[in-house]
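Beneath this line is the structure, given in structure tokens, with notes to follow.
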Amino acid sequence: MHVKGELTVARGSSGIVAGLTAAAVAAVCFLAYQASANAPDSVAAPSAGPSSAPVKPSVKPEPTKEPLAVPEDSDTGARVVYGLKDRRVWIVDDKEETLRTFPVMPSSVSPLPGVYTVSSRSGTIKGSDGVLIEHVVRFANVDDVSVGFSAAQDGSMKSPDPTMKTGGVRMKRADGDVLWTFATVGVKVVVVP
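Under the working numbering, the first residue of the sequence shown is numbered 293, with each subsequent residue one higher.
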């Protein structure tokens, strides 16, 4: 005799058993993978080659320079470092710790690599390109063009017009705030290639 309700229960329970079995197999596979991925080399599967083969010493790669590290040969002590090629500024304290580093947009006139000092500052002025700027920190003169750091009040960091001789090295306003606080008159500015 065949009862309709019993058949439904049998099919339903077989589906549950199949689902639990699949979940258990998946869990075991996952745990096996985790164990093999974290196994030390001493218990790893042996290689196919002979066990008495000479071992070649591994060549240690040279340590790579951190991409945002202060450039070497940028002097010592409290200073502002301006990397011409990197288009970046580093603010370094007297303990050789980098307080901040940030990208800048170079001016159309750049100073030669060397050591300079902050010669003058202006809070807010109109730049030689006609843009309103703030936190102007001047440190060099090249062919009667004053070169210094500044931030455009509108926050822009546009490439300078190559036909105009301008000396404004532009940065974001937040970076300009930090530089303004650090780079007072007499502070060293080191320009590196």
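By construction, the Cβ of each residue, glycine as well, lies at the ideal position given by its N, Cα and C atoms.
According to DSSP, residues forming a beta bridge with residue i
| i | result |
| --- | --- |
| Thr416 | Glu426 |
Anticipated Cβ contact below 8 Å, residue i with residue j, distance rounded
| i | j | result |
| --- | --- | --- |
| Ile425 | Gly460 | 7 Å |
| Met397 | Met456 | Going by Cβ atoms, the distance from Met397 to Met456 rounds to 14 Å, so no, they are not a contact pair. |
| Ala475 | Val372 | 5 Å |
Alpha-carbon spacing of residue i relative to residue j, whole angstroms
| i | j | result |
| --- | --- | --- |
| Asp386 | Ser420 | 33 Å |
| Val483 | Gly415 | 23 Å |
| Lys480 | Val470 | 15 Å |
| Ala432 | Ser411 | 8 Å |
| Ser442 | Val434 | 17 Å |
| Asp453 | Met463 | 16 Å |
| Val429 | Gly468 | 9 Å |
Simplified DSSP assignment, three categories, for residue i
| i | result |
| --- | --- |
| Leu391 | strand |
| Thr409 | strand |
| Val381 | strand |
| Val362 | coil |
| Ile308 | helix |
| Gly510 | In the structure as shown, the chain begins at 293 and stops at 485. Residue 510 is therefore absent and cannot be evaluated. |
Residue i CB to nearest heavy atom of the ligand ADP below 6 Å
| i | result |
| --- | --- |
| Pro395 | The ligand ADP is not part of the structure shown, which contains no ligands of any sort. |
Beta strand (DSSP E) runs wholly inside the region 428 to 485, at least 3 long, in chain order | Complete beta strand (DSSP E) runs here, min 3: 437 to 444, 460 to 463, 480 to 484.
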